[in-house]
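Novice: Going by our numbering, the letters in the sequence shown line up with residues 3 to 248, in that order. A virtual CB, placed ideally from N, CA and C, is assigned to each residue, including glycine. All values derive from a computational prediction rather than experimental measurement. Let me begin by handing over the structure; questions about it come next.
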Amino acid sequence: MVVGLLASISISELLLAFVVFCLIYWVIESYSRRVPKGLKRLPGPWAWPLIGNILTLGKNPHLALARLREKYGDVMQIQIGSTPVLVLSGLETIRQALVRQGDDFKGRPDLYSFSLIADGYSMAFNPDSGEVWAARRKLAQNALNTFSVSSSPSSSSCYLEEHVKKEAECLIQKFQELMDGVGHFDPYNHVVVSVANVIGTMCFSRGHANENQELMRVVTKNGPEKALEWESRDLKFSHQIINAHK
3 MVVGLLASIS ISELLLAFVV FCLIYWVIES YSRRVPKGLK RLPGPWAWPL IGNILTLGKN
63 PHLALARLRE KYGDVMQIQI GSTPVLVLSG LETIRQALVR QGDDFKGRPD LYSFSLIADG
123 YSMAFNPDSG EVWAARRKLA QNALNTFSVS SSPSSSSCYL EEHVKKEAEC LIQKFQELMD
183 GVGHFDPYNH VVVSVANVIG TMCFSRGHAN ENQELMRVVT KNGPEKALEW ESRDLKFSHQ
243 IINAHK
């Protein structure tokens with residue numbers, strides 16, 4: 003009976019039903035997100051039901067956001083799916099949000115997709131902005147401050163700057179060799195390896211040659227997937243140890 007009922011429905015009727023559903027959903031969402039009295043609605047482009055402004059952003063979201071900034075200003079709102087997103091542009095606006103009002107803008111949205119990455123144990127994709135987040139941030143800041151200290155009393159450059167400069171020179175030399183040889187190339191892997199080399203040198207006091215096959219394998223092909231797997235296992239193990247000693 004159900005199969006016969008579906009067979010009797012035409013494609014135009016299905017499309018009409020889908021359009022009606024989207025309109026009803028859009029009306030409900032618009033009503034539930036009414037701006038409180040005394041406040042103004044943030045400027046921004048009109049969003050499609052369910053998908054939001056994904057089509058507007060396209061394959062180059064940074065360019066699309068730059069065009070939207072010219073129309074709506076430095077503070078605007080877009081919608082990713084059904085989630086409203088505040089977009090800030092301009093040096094002074096970003097400084098106001100992240101420096102002067104840092105407590106209001108810290109943390110990340112509690113998205114369902116975050117729980118799917120590394121089973122919710124990821125340090126990067128985690129909505130937590132409490133004491134653990136503050137401790138991690140302080141640890142990272144202290145590490146960067148250590149790297150910014152001058153390598154010697156008579157030197158005006160720091161450890162990080164020296165490593166970046168050295169790696170940049172190697173990268174430029176590699177680019178010149180490739181241009182003299184094949185004439186054209188994809189710089190993606192070479193840039194990723196150079197960045198990873200700087201990080202490895204700062205963390206382990208030992209770098210790798212840009213042609214190092216092990217380094218290439220880790221940071222290029224399947225690198226992000228393997229990193230997420232490692233992070234998931236490592237953080238789960240750490241949580242088990244902490245819980246066992248509470």
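Just verifying my parser: in three-state terms, what is the DSSP assignment at L52?
Specialist: Correct three-state label for L52: coil.
Novice: For H192 and A198, what's the separation of their Cα atoms in angstroms?
Specialist: So the alpha carbons of these two residues sit roughly 10 angstroms apart.
Novice: Check whether the Cβ atoms of L57 and W50 sit closer than 8 angstroms, and answer yes or no.
Specialist: Contact flag set, yes.
Novice: Where A170 and L141 are concerned, what is the direct C-alpha to C-alpha distance, given to the nearest angstrom?
Specialist: The alpha-carbon atoms of A170 and L141 are separated by roughly 27 angstroms.
Novice: Looking at chain C, is there any beta carbon in it that lies within less than 8 angstroms of the beta carbon of V193?
Specialist: This model lacks chain C altogether; it includes just one protein chain.
Novice: Excluding the 5 residues preceding and the 5 following G100 in the sequence, name in chain order all residues of the same chain whose CB lies nearer than 8 angstroms to its CB.
Specialist: Inspection of the sequence shows that residue 100 is occupied by Leu rather than by Gly. So the list reads F107, once near-sequence residues are dropped.
Novice: Would you give the residue range spanned by the beta strand (DSSP E) that P63 belongs to?
Specialist: Segment 63 to 74 is the alpha helix (DSSP H) holding P63; no beta strand (DSSP E) there.
Novice: Tell me the residue span of the alpha helix (DSSP H) that contains I201.
Specialist: 190 to 206 is the span of the alpha helix (DSSP H), which, as asked, contains I201.
Novice: Comparing C-alpha positions only, which one of V134, K61, Q79 sits nearest to K42?
Specialist: For the residues V134, K61, Q79, the minimum Cα distance to K42 belongs to Q79.
Novice: Are there 16 or more other CB atoms within 10 angstroms of the CB of G60, so buried, or fewer, so exposed?
Specialist: It counts as exposed.
Novice: Per DSSP, which residues does T95 bridge with? Please list them.
Specialist: Paired residue(s): none; T95 is not in a bridge.
Novice: Assign Q79 to one of three DSSP states: helix, strand, or coil.
Specialist: Here Q79 sits in strand by DSSP.
Novice: Given a cut-off of 8 angstroms, decide if I96 and L90 are closer than it, judged by their beta-carbon atoms.
Specialist: Yes, they are a contact pair.
Novice: Using a Cβ-Cβ cutoff of less than 6 angstroms, which residues in the same chain neighbour G54 once the five nearest sequence positions on both sides are dropped?
Specialist: Taken in chain order, the residues that qualify are Q81, I82, G83.
Novice: Among all the DSSP beta bridges, which residues are the ones paired with T85?
Specialist: I82.
Novice: State the CB to CB distance for the pair Y27 and P45, rounded to an integer number of angstroms; the pair is presumed to be in contact (CB under 8 angstroms).
Specialist: Not quite, the Cβ-Cβ distance comes to about 23 angstroms (not below 8 angstroms), so this is no contact.
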